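Peer 1:
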DNA sequence: TATGAATGAGCTTTCATTCAT
DNA sequence: TATGAATGAAAGCTCATTCAT
């Protein structure tokens with residue numbers, strides 16, 4: 001038989017895996033805690049403990065709490081915009097349908113996942129981390145706005161939407177999403193009934209209303225003209 | 001003997017005035033710093049220094065940093081809702097005009113003042129202060145939502161707006177305001193051009209769009225049908 | 001009628017009286033609090049409040065908390081030893097009777113009054129106030145020991161007591177008294193049943209026992225010889 | 001490769017030893033300082049410094065100054081009563097001898113060691129720590145009284161001592177010990193000649209006197225009947 | 001004389017960070 | 001690589017003391 005050292009024993013393998021997984025586990029733990037409690041109120045011991053390592057080990061991977069924070073944000077920002085842009089480009093159907101589809105997809109992939117916590121984090125702690133805020137602005141906000149702009153432009157170009165001042169129109173789409181994420185992570189976490197709000201219903205109504213304002217002839221998709 | 005001066009000497013007056021002014025000065029300083037730096041990163045010495053007193057003096061008026069924070073929140077949300085409700089009740093004109101008027105007034109009295117920082121603060125620090133979050137929910141959020149609901153109901157009752165699911169419609173109005181406040185105090189504070197966004201223009205477009213979705217026959221206030 | 005300014009109005013009189021009484025009231029309050037809580041844990045505000053004056057006023061009469069403490073001790077030490085020495089000198093009756101009488105008188109005038117708190121105070125805080133401890137030693141301890149020595153010597157001289165090493169015999173009398181005062185003010189204040197101990201009974205037994213050891217022929221007062 | 005040394009290197013050993021020794025060193029230092037200066041006047045930095053560690057380290061082992069105090073008390077009263085009870089039970093000889101033996105042993109093991117400072121501490125600070133005072137009452141005072149009661153009862157049972165009201169008789173034995181500890185740690189610390197008092201001689205006389213009061217026929221051990 | 005607002009040194013406690021093992 | 005004991009700067013808060021009125 002091949003001597004044990006040749007291929008990693010299960011234990012070793014596990015170890016190796018763990019070792020490589022360490023930073024990821026730490027980032028995971030840190031994300032949760034930063035979102036839950038904010039930057040200042042999160043203790044590095046807690047992060048380490050939740051990741052199942054010692055405090056010292058954390059500092060082996062991240063030179064400081066601030067760098068840990070930055071890494072958390074960087075890690076979780078991950079530009080999926082290319083992929084999404086492709087989806088938008090290849091979408092077949094009306095732009096109203098596209099917009100609704102985007103809201104739906106956003107809610108499933110971001111809004112209702114832990115990823116939304118990042119946004120809460122960024123908005124809450126922006127002033128402490130100008131550098132990373134700028135980074136966020138470039139990597140997330142701008143591409144996101146670009147994507148929205150593309151969608152709206154598609155509507156205008158195809159004669160579905162009225163003419164729009166794009167620089168401001170994008171916020172029609174953006175504001176409801178940001179609001180929802182924040183609401184969920186702040187008030188929603190403390191005042192349970194503050195989230196009597198059903199996200200899907202909320203999104204549907206926001207989309208309806210936006211579209212009613214946007215489409216050229218309001219053959220309002222959900223509520224036909226009276 | 002020299003008769004006591006009929007009115008208090010300037011010095012006395014000054015002292016008295018200062019004494020009465022102290023809590024206000026401290027709250028002002030605290031508001032600024034909390035908004036600038038968040039709860040944890042604000043040092044009580046700093047607050048005291050900015051108010052022109054010593055650390056000890058601060059604790060003469062507020063028993064703890066946390067109570068100071070609560071006082072700041074309480075102070076800055078003082079029931080202006082009664083006054084506003086009256087304005088709404090006595091408003092003469094179309095409900096569309098009323099809504100626009102409300103946005104304008106909100107921006108002037110809250111949105112663009114330091115008071116908007118409170119909202120940012122509350123949303124960012126909600127988890128540290130469940131108690132005060134609840135308080136905020138009761139004293140600010142709920143009355144605010146009530147007011148919006150009244151406005152929308154007025155529109156519906158007068159046949160100006162279509163039928164609405166009120167529980168969700170209020171967010172059509174609320175979300176854009178909250179978004180603006182947050183944007184201004186987080187991204188806006190770091191990435192100056194993130195606020196290339198002109199608030200007045202932003203508000204106008206949001207109002208336009210909402211109304212276009214709300215009014216029965218879209219004699220769209222700003223963009224007449226082509 | 002005589003104009004009010006001619007003789008002090010009742011109010012004025014009261015004021016005057018109060019004014020003169022101030023230091024006394026402060027010392028009274030301070031004694032109570034120092035005994036209750038110790039030197040460090042006693043706040044000067046509390047002393048002032050209990051005396052019904054402002055903190056500033058306290059410092060008008062006593063330049064510091066330490067001086068207040070010293071004044072409290074000095075005030076309450078008051079040599080009543082001259083008077084007692086006279087009582088001892090003129091006592092008619094057996095020395096056993098004298099000793100019992102002294103215990104009784106001590107308990108009534110010192111042991112069970114607030115004055116006993118001073119002893120507790122002195123013993124507890126001695127190390128903080130070497131100066132006043134020395135003073136206490138000279139003004140209280142030594143005269144007290146002297147008095148006891150006189151009593152015992154009287155017994156020896158009259159052939160009632162056996163020969164004694166006076167330097168140590170005095171502690172036979174002293175220790176039970178000190179013990180009782182301390183017990184009452186420390187354990188007794190916290191563990192109520194620690195004072196199931198009835199002082200009069202305790203004293204009686206201690207006196208009995210001491211005397212049984214002292215008198216030449218032990219016609220033991222309470223338990224006749226077998 | 002160089003084989004790992006068979007026994008831990010001296011350095012390692014030292015570290016390990018230190019780690020385990022820390023709490024003990026801190027308790028030792030705390031005991032000394034609390035006894036010297038009282039609870040309030042003792043600074044945690046001082047305790048840490050005397051133990052040769054930093055302030056932070058102290059809080060690694062004791063969550064607060066108060067808990068440190070409690071630990072000091074607990075540590076120093078450790079149930080030596082069981083052992084003593086055994087000594088009493090198995091003692092061979094007269095009860096008078098037993099009592100003298102107990103005094104001697106007490107002085108050597110407690111009275112003249114730092115442990116006696118704990119008593120001083122407890123009596124002085126009792127009011128600050130009702131909880132620990134109760135603890136002390138249960139764990140030290142009560143067992144101590146029990147032991148004394150056993151001794152006296154032994155005397156009575158064997159016909160050596162006269163009939164006694166045990167609830168009060170125990171204080172005949174207890175009071176002289178407590179007095180001595182207090183004296184030593186308060187007056188004795190300030191007024192050196194206040195301790196001209198030789199403890200052994202003091203104890204001997206107290207024991208003599210007590211026994212003379214207790215034994216049925218006063219074949220007084222030190223002073224034969226005249 | 002009396003006040004009480006103001007002070008600031010000094011305390012306990014926390015926690016990110018280091019480093020010997 | 002991983003540990004966790006140790007650190008010490010910095011924070012919140014207290015309270016004896018001062019002083020303008």
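Residue numbers (the UniProt record's numbering), protein chains in the order written: chain A, 1 to 226; chain B, 1 to 226; chain C, 1 to 226; chain D, 1 to 226. In this text, a Cβ means the ideal position worked out from N, Cα and C, and glycines have one as well. All values reported here derive from a predicted model rather than from experimental measurement.
For a quick check, are the C-beta atoms of residue 20(B) and residue 77(B) less than 8 angstroms apart?
Peer 2: As a first step, residue 20(B) is located in the second chain; it is residue number 20 there, counting from the start. As a first step, residue 77(B) is located in the second chain; it is residue number 77 there, counting from the start. Cβ distance not < 8 angstroms, so residue 20(B) and residue 77(B) don't count as in contact.
Peer 1: If distances are taken between C-alpha atoms only, which option among 62(C), 126(C) and 39(C) comes closest to residue 22(C)?
Peer 2: As a working note, residue 22(C) is residue 22 in the third chain. Answer by Cα proximity: 62(C).
Peer 1: I want to verify the contact list: residues of chain B whose CB lies under 9 angstroms from the CB of residue 153(A), in sequence order.
Peer 2: Position 153 of the first chain, counted from the first residue, corresponds to residue 153(A). Per Cβ cutoff of 9 angstroms: no residues; residue 153(A) is ~16 angstroms from chain B at best.
Peer 1: Does residue 100(B) pass the burial test, meaning 16 or more other C-beta atoms within 10 Å, or should it be called exposed?
Peer 2: As a first step, residue 100(B) is located in the second chain; it is residue number 100 there, counting from the start. Buried, because 16 or more other Cβ atoms sit within 10 Å of the Cβ of residue 100(B).
Peer 1: Note down, in chain order, all residues in the stretch 183 to 198 of chain C with a beta-carbon under 7 angstroms from any beta-carbon belonging to chain D.
Peer 2: For the stretch 183 to 198 of chain C, which is checked against every Cβ of chain D, the residues closer than 7 angstroms are 186, 187, 189, 190, 191 and 194.
Peer 1: What residues of chain D sit near residue 36(C), judged by a beta carbon separation below 9 angstroms?
Peer 2: Translated into the one-based positions of the third chain, residue 36(C) becomes position 36. Here the neighbours are 127.
Peer 1: Need the endpoints of the alpha helix (DSSP H) that residue 110(D) sits in, please.
Peer 2: As a working mapping, residue 110(D) is identified with position 110 in the fourth chain. Neither: residue 110(D) is in no alpha helix (DSSP H) and is coded neither H nor E.
Peer 1: Return the bridge partner residues of residue 161(C) from the DSSP annotation.
Peer 2: Taking the first residue of the third chain as position 1, residue 161(C) is located at position 161. Paired residue(s): 215(C).
Peer 1: Less than 8 angstroms between the C-beta atoms of residue 124(C) and residue 124(D), yes or no?
Peer 2: The residue given as residue 124(C) occupies position 124 in the third chain. The residue given as residue 124(D) occupies position 124 in the fourth chain. Yes, they are a contact pair.
Peer 1: Does residue 202(C) have its Cβ less than 8 angstroms from a Cβ in chain D?
Peer 2: The residue given as residue 202(C) occupies position 202 in the third chain. Yes, because at least one Cβ of chain D sits closer than 8 angstroms to the Cβ of residue 202(C).
Peer 1: DSSP state of residue 62(C), grouped into three classes?
Peer 2: Walking along the third chain from the start, residue 62(C) turns up at place 62. If DSSP states are grouped into helix, strand and coil, residue 62(C) belongs with coil.
Peer 1: For residue 129(D), does the three-state DSSP call read helix, strand or coil?
Peer 2: What you label residue 129(D) is simply residue 129 of the fourth chain in a count that begins at 1. Three-state DSSP puts residue 129(D) in coil, outside helix and strand.
Peer 1: For residue 192(C), tell me which candidate among 131(D), 85(D) and 92(D) has the shortest Cα-Cα distance.
Peer 2: Indexing the third chain from 1 puts residue 192(C) at position 192. It is 131(D) whose Cα lies nearest to the Cα of residue 192(C).
Peer 1: With a cut-off of 8 angstroms on the beta carbons, I'd call residue 210(A) and residue 209(B) a contact; round off their distance for me.
Peer 2: Start at 1 with the first residue of the first chain, and residue 210(A) comes out as number 210. Start at 1 with the first residue of the second chain, and residue 209(B) comes out as number 209. Between residue 209(B) and residue 210(A) the Cβ distance is about 6 angstroms, and since that is below 8 angstroms, they are a contact.
Peer 1: In or out: residue 90(C) buried (at least 16 other Cβ within 10 Å) or exposed?
Peer 2: Locating residue 90(C) in the third chain gives position 90, counting from the first residue. Flag for residue 90(C) reads exposed.
Peer 1: For residue 66(B), collect the residues of the same chain with a Cβ closer than 8 angstroms to its Cβ; drop the 5 residues on either side in sequence, then sort them by chain order.
Peer 2: Locating residue 66(B) in the second chain gives position 66, counting from the first residue. Closer than 8 angstroms at Cβ, skipping near neighbours: 129.
Peer 1: If residue 161(C) and residue 216(C) are in contact, beta carbons under 8 angstroms, what's the gap, nearest whole angstrom?
Peer 2: Here residue 161(C) refers to the residue found at position 161 when the third chain is read from its first residue. Here residue 216(C) refers to the residue found at position 216 when the third chain is read from its first residue. That belief holds up - the Cβ atoms of residue 161(C) and residue 216(C) are roughly 7 angstroms apart, short of 8 angstroms.
Peer 1: For residue 130(D), which residues in chain C fall below 7 angstroms Cβ to Cβ?
Peer 2: Translated into the one-based positions of the fourth chain, residue 130(D) becomes position 130. In chain order: 190.
Peer 1: Hey, does residue 213(D) have any beta-carbon neighbour from chain C nearer than 8 angstroms?
Peer 2: Taking the first residue of the fourth chain as position 1, residue 213(D) is located at position 213. Chain C, which has a Cβ nearer than 8 angstroms to the Cβ of residue 213(D), makes this yes.
Peer 1: Along chain A, in chain order, which residues have C-beta atoms closer than 8 angstroms to that of residue 171(B)?
Peer 2: Along the second chain, one-based indexing puts residue 171(B) at 171. Near residue 171(B) (Cβ distances below 8 angstroms), the residues of chain A are 176, 179, 197, 202, 205 and 206.
Peer 1: Mind checking which residues open and close the alpha helix (DSSP H) that includes residue 170(C)?
Peer 2: Stepping through the third chain from its first residue, residue 170(C) is reached at position 170. Run containing residue 170(C): 166 to 185, per the alpha helix (DSSP H) assignment.
Peer 1: Exposed or buried, which one is residue 57(D) when buried takes at least 16 other CB atoms within 10 Å?
Peer 2: Your numbering for residue 57(D) matches position 57 in the fourth chain. Looking at its Cβ environment, which holds fewer than 16 other Cβ atoms inside 10 Å, residue 57(D) is exposed.
Peer 1: Less than 7 angstroms between C-beta atoms, sequence neighbours within five positions excluded: which residues of the same chain meet that for residue 35(D)?
Peer 2: Here residue 35(D) is taken as the residue at index 35 of the fourth chain, counted from 1. These residues qualify, in order along the chain: 114, 117, 120, 121 and 185.
Peer 1: CA-CA distance, residue 25(A) and residue 80(A)?
Peer 2: Numbered from 1 along the first chain, position 25 holds the residue referred to as residue 25(A). Numbered from 1 along the first chain, position 80 holds the residue referred to as residue 80(A). For residue 25(A) and residue 80(A), the distance between alpha carbons rounds to 21 angstroms.
Peer 1: Would you mind reading off the limits of the alpha helix (DSSP H) that contains residue 83(C)?
Peer 2: As a first step, residue 83(C) must be located in the third chain, where it is residue number 83. Looking at the DSSP string, the run of the alpha helix (DSSP H) that includes residue 83(C) is 81 to 90.
Peer 1: With a CB to CB cut of under 7 angstroms and the five nearest residues on each side skipped, what residues in its chain are close to residue 27(C)?
Peer 2: Walking along the third chain from the start, residue 27(C) turns up at place 27. Answer for residue 27(C): 71, 72 and 75, listed in chain order.
Peer 1: With a threshold of 16 other CB atoms inside 10 Å of the CB of residue 93(D), please say whether the residue is buried or exposed.
Peer 2: Locating residue 93(D) in the fourth chain gives position 93, counting from the first residue. It counts as exposed.
Peer 1: With a threshold of 8 angstroms between beta-carbons, can residue 103(D) be considered close to chain C, or not?
Peer 2: Here residue 103(D) refers to the residue found at position 103 of the fourth chain. No, no contact with chain C.
Peer 1: Hey, does residue 94(D) have any beta-carbon neighbour from chain C nearer than 8 angstroms?
Peer 2: Taking the first residue of the fourth chain as 1, we reach residue 94(D) at position 94. Judged by the 8 angstroms Cβ criterion, residue 94(D) is not in contact with chain C.
Peer 1: Since I believe residue 31(D) is in contact with residue 230(D) (beta carbons under 8 angstroms), could you give me their beta-carbon distance rounded to a whole number of angstroms?
Peer 2: What is shown of chain D runs 1 to 226, which leaves residue 230(D) out entirely.
Peer 1: Taking residue 48(A) as part of the alpha helix (DSSP H), name the residues at either end of that continuous run.
Peer 2: The sequence position of residue 48(A) within the first chain is 48, counting from 1. Its alpha helix (DSSP H) spans residues 44 to 51.
Peer 1: Just the Cα atoms here: how many angstroms apart are residue 201(A) and residue 44(D)?
Peer 2: Locating residue 201(A) in the first chain gives position 201, counting from the first residue. Locating residue 44(D) in the fourth chain gives position 44, counting from the first residue. Going by the C-alpha atoms only, they are around 59 angstroms apart.
Peer 1: For residue 16(A), name the three-state secondary structure that DSSP assigns.
Peer 2: Counting from one through the first chain, the residue named residue 16(A) turns up at place 16. For residue 16(A), the predicted model reports a pLDDT of 49, less than 50, meaning its position is unreliable and no value from the coordinates is stated.
Peer 1: Mind pulling the chain C residues with CB within less than 9 angstroms of residue 165(D)?
Peer 2: Within the fourth chain, the letter at position 165 stands for residue 165(D). Here the neighbours are 201 and 205.
Peer 1: Expressed to the nearest angstrom, what Euclidean distance is found between the alpha-carbon atoms of residue 213(D) and residue 150(D)?
Peer 2: In the fourth chain, counting from the first residue as 1, residue 213(D) sits at position 213. In the fourth chain, counting from the first residue as 1, residue 150(D) sits at position 150. Taking the straight line joining both Cα atoms gives about 18 angstroms.
Peer 1: Using alpha carbons as the reference points, say which of 188(B), 84(B) and 39(B) lies closest to residue 137(A).
Peer 2: What you label residue 137(A) is simply residue 137 of the first chain in a count that begins at 1. Closest by alpha carbon: 188(B).
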